[in-house]
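Residue numbering for the sequence shown follows full-length UniProt numbering, starting at 1 and increasing by one per position. For each residue, glycine too, the CB sits at the ideal point set by N, CA and C.
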Amino acid sequence: MTSASAENERPAPVALVAFGGWGDAGDAASAVADHLLQTYPSEDLEDLDEEDWFDYQTTRPLTALIDDDGAREVAWPAISIGVAHLPQVDVITVTGPEPNLRWRTLCARVVAILHDAAVERAVVLGSMLANTPHTRPFPVSGSPLTADHARELGVEISEYEGPTGITGVMTQALAEASIDTTALWVAVPHYVSEPPQPKASLALARRVEALLDLRADWSSFVADTAAWEHGVDELVRADEDIAQYVQMLESEKDATEEPEASGDAIAAEFERFLRRRDDT
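The structure is reproduced here in structure tokens:
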């Protein structure tokens, strides 16, 4: 078989969308897309850096030195479209800070780019702060999913209604454009919410594999998760109040293992997450 024939048999690319900011607690969601770009041969396809999307007093550009003579450059916030060439499929990534302006226009722009690339399936990732203990598997919720598919993936069906971010708007825009789209959200312990969050990223990554029919090397997430859990364990042991709090969360988690209860718990956690955001 010629290389050209093999290329022709390569499946259509898939898309992975992960915006930073409001819906990316601990950078857990964006880390999954970044990992693929850093682990596999990749390239930039397009940067959407027009002034249409950002309020620069809110999402500020960054200045950096570029040589020993003091010359500087300014990096403007942008939505980056890239592609990671995995052995079995190309993954087109959409990453960047949550835009401040013109969400519907931006979503239409991204949809057009993905349509031009013949993308038929997409996953949109998010992460939220929650009352979940670091010692238990992190719950993942998703939509839209059938009950059977959710059970296979080990996720809860999200029934959340309320304020949303660019992740929710983009999910809807992709679905309305006839791209088979699933949104996944992972819970991040609010008491250890600083990035990185390898355990949360790994929980998302495993579901991304199943949804997009790909196999990727997540070994760094696995190793980092073990180190992260060990480090948090030490911090908890050093503070009796936190240790008691974690024990309480563990008891609550263990009491909500029934599917109906855990689904309600995830919805309640998301509502609490939004209230915390509004209060900050």
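By how many angstroms is the C-alpha of residue j removed from the C-alpha of residue i?
| i | j | result |
| --- | --- | --- |
| glutamate 120 | glutamate 98 | 24 angstroms |
| glutamate 252 | valine 192 | 18 angstroms |
| valine 14 | isoleucine 92 | 6 angstroms |
| aspartate 116 | glutamine 244 | 54 angstroms |
| tyrosine 40 | glutamate 250 | 37 angstroms |
| aspartate 224 | alanine 29 | 15 angstroms |
| glutamate 9 | histidine 85 | 15 angstroms |
| valine 74 | isoleucine 242 | 42 angstroms |
| leucine 204 | valine 222 | 12 angstroms |
| alanine 130 | aspartate 67 | 43 angstroms |
| valine 17 | histidine 230 | 30 angstroms |
| leucine 114 | proline 137 | 33 angstroms |
| arginine 104 | valine 169 | 8 angstroms |
| leucine 202 | tryptophan 228 | 12 angstroms |
| aspartate 239 | aspartate 254 | 22 angstroms |
| leucine 235 | glutamine 247 | 14 angstroms |
| serine 5 | leucine 214 | Summary for serine 5: the model assigns pLDDT 47, below 50, so the residue's position carries little reliability; its value from the coordinates is reported in the next sentence. C-alpha separation (whole angstroms): 21 angstroms. |
| aspartate 27 | aspartate 69 | 34 angstroms |
| serine 220 | valine 32 | 11 angstroms |
| alanine 147 | isoleucine 79 | 34 angstroms |
| alanine 177 | histidine 149 | 22 angstroms |
| leucine 106 | aspartate 34 | 21 angstroms |
| glutamine 57 | asparagine 100 | 10 angstroms |
Helix, strand or coil, according to DSSP, for residue i in the structure here?
| i | result |
| --- | --- |
| glutamate 240 | helix |
| alanine 15 | strand |
| glycine 26 | helix |
| threonine 181 | strand |
| threonine 225 | helix |
| glutamine 197 | coil |
| glutamate 209 | helix |
| aspartate 34 | helix |
| leucine 214 | coil |
| histidine 230 | helix |
| glutamate 257 | coil |
| threonine 171 | helix |
| arginine 10 | coil |
| glutamate 252 | helix |
| histidine 134 | coil |
Any idea which residues DSSP pairs residue i with across the strands?
| i | result |
| --- | --- |
| residue 282 | Outside the shown range of the chain, which is 1 to 280, sits residue 282, and nothing can be said about it. |
| methionine 128 | Ala187 |
| valine 123 | Leu16, Thr182 |
What does a CB cutoff of less than 6 angstroms around residue i pick up in its chain, not counting 5 residues either side in sequence?
| i | result |
| --- | --- |
| proline 77 | Phe54, Thr59, Pro97 |
| proline 189 | Thr132, His134 |
| leucine 153 | Arg207, Ala210 |
Can you find a CB in chain B that lies within less than 7 angstroms of the CB of residue i?
| i | result |
| --- | --- |
| leucine 65 | Reference to chain B is not applicable here, since this structure consists of a single protein chain. |
So, at 8 angstroms on beta carbons, what are the nonlocal neighbours of residue i in its own chain, with the 5 sequence-adjacent residues on each side left out?
| i | result |
| --- | --- |
| arginine 102 | Asp52, Trp53 |
| alanine 71 | Leu65 |
Using a Cβ-Cβ cutoff of less than 7 angstroms, which residues in the same chain neighbour residue i once the five nearest sequence positions on both sides are dropped?
| i | result |
| --- | --- |
| threonine 181 | Ala122, Val124, Thr171, Leu174, Ala175 |
| serine 42 | Gly82, Val83, Ala84, His85 |
| tryptophan 218 | Leu202, Ala205 |
| glycine 165 | Trp22, Gly23, Glu98 |
Scan the segment 39 to 120 and note each continuous beta strand (DSSP E) run of 3 residues or more that stays entirely inside, going in chain order. Those beta strand (DSSP E) runs which fall completely within the segment 39 to 120 and span 3+ residues are 42 to 48, 62 to 65, 72 to 75, 79 to 85, 90 to 97.
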